[in-house]
Amino acid sequence: MLGRFCLFLVILFLSSNSFVFGEDYSFPGEIEGKVKISAIAQEWGVLIWLIENGTTVQKGDIIAKTDPKKNIERLDARKDDLDKINEELKVNVKELEEAFKEEDVAISQILLERDLAHVKWQIAKSGIYGIELSRIENDIINAEIELDKRKLAYTTSQKLLDKGLEEEQSFLQKKLDLELAEIEVELKKLGLTIKQKDKSNQEKLSKLEWKIKEVQLQKAEKNKLNRTQKIKFEIDKKEEAIINIKDSIKKYETRLSNLTLTAPADGIAKIRFNQGKLIQVGDQIARGYAI
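Under this note's numbering, residues 10 to 300 are what the sequence shown spells out, in order.
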């Protein structure tokens with residue numbers, strides 16, 4: 010096979026005008042009047058078909074074809090990529106819808122509990138709200154155990170954050186969990202004190218219960234925001250990737266169409282010599298050269 014070169018097909022107009030150009034392009038039987046017309050190879054490739062030298066052609070007739078195999082393979086691969094990412098996008102969109110539904114249900118539940126806690130607080134002001142002492146003591150023990158767990162989780166998260174091994178959002182979440190646990194212990198202890206000393210202080214207990222629901226509501230709203238934002242980020246990435254893949258598919262489709270070369274005008278095709286030989290099927294042509 011020849012090395013890199015330009016495939017050059019000369020289309021000769023059958024014309025009464027007198028045009029003269031180099032002897033390199035003359036061949037037996039050609040007429041005096043002629044106009045040299047050339048097409049441009051748009052892609053590199055190996056010739057798999059070439060028009061016969063001296064063939065009379067009309068504008069748009071196929072004069073050469075280059076091997077489309079590699080471009081077809083690449084085009085099919087990009088189409089497969091597009092199908093795959095479209096399926097993944099559908100999964101993400103469904104996941105986002107489910108996330109909104111689940112988080113909205115959770116928030117609605119906490120809103121209801123907060124409102125009930127507020128009602129209990131109002132009832133406590135009237136002095137008719139009470140709690141069994143033994144249950145409060147057990148609750149305090151359980152709350153202190155949970156507080157110790159939250160303190161350990163918070164301390165560990167802070168160290169990881171300082172080393173860059175923990176996301177700030179995760180650290181803030183553990184901090185919020187610790188605050189909730191501290192409030193819970195305070196709540197139980199206050200409840201015990203209230204029961205032992207003065208039932209009029211039950212108002213404070215109910216107020217703390219209401220406040221803890223407010224904190225839980227804030228936590229639920231942040232959870233919803235974080236969860237949905239992560240999914241939206243994945244959706245945005247996939248939508249951007251789809252645009253890029255579609256652009257790539259158009260590029261390969263254009264390349265495929267460029268592999269079939271046609272006559273730019275009516276005339277006679279003449280194949281150029283390269284290194285003493287006529288260009289032939291199996292030779293490689295270069296992008297951007299006259300054909």
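Beta carbons are placed, not taken as given, at the ideal position from N, Cα and C, and that holds for glycine.
The structure presented is a predicted model; accordingly, all values stated were derived computationally and were not measured.
With respect to valine 66, glycine 276 sits close: the two C-beta atoms are nearer than 8 Å. About 5 Å separates the beta carbon of isoleucine 203 from that of leucine 214, a gap short enough to meet the 8 Å contact definition. Bridge partners of threonine 202 according to DSSP: none are assigned. Taking C-beta atoms as the reference points, alanine 108 and isoleucine 240 count as a pair closer than 8 Å. In the structure shown, lysine 213 adopts helical secondary structure according to DSSP, grouped into three states. Under a 10 Å Cβ-count criterion, tryptophan 130 is classified as buried, with 16 or more other Cβ atoms of the shown protein chains found around its own Cβ. Under the three-state reduction of DSSP output, leucine 59 falls in the strand class. Annotation for alanine 133: the continuous alpha helix (DSSP H) segment containing it runs 78–133. In the structure shown, the three-state DSSP call for leucine 196 is helix. In its chain, beyond the 5 residues on either side, Leu84 have a beta carbon closer than 8 Å to the beta carbon of glutamate 262. DSSP places lysine 74 within a strand segment (E or B) once states are collapsed to three. DSSP lists Ile71 as the bridge partner or partners of threonine 271. The C-alpha of phenylalanine 282 is placed about 21 Å away from the C-alpha of leucine 268. Selection Ile60, Asn80, Ala229 evaluated against serine 266 yields Asn80 as nearest (Cα-Cα). For leucine 187, the closest alpha carbon among the candidates Leu174, Glu155, Gly173 is that of Glu155. Classified as exposed, asparagine 147 has fewer than 16 neighbouring CB atoms from the shown chains inside 10 Å of its CB. The beta carbon of arginine 236 sits closer than 6 Å to the beta carbons of Ala108 from its chain, once the five residues preceding and following it are set aside; these are given in chain order. Relative to the Cα of serine 117, the nearest Cα in the group Arg144, Leu226, Lys99, Asp157 belongs to Leu226. Tyrosine 163 and phenylalanine 180 have their C-alpha atoms roughly 7 Å apart.
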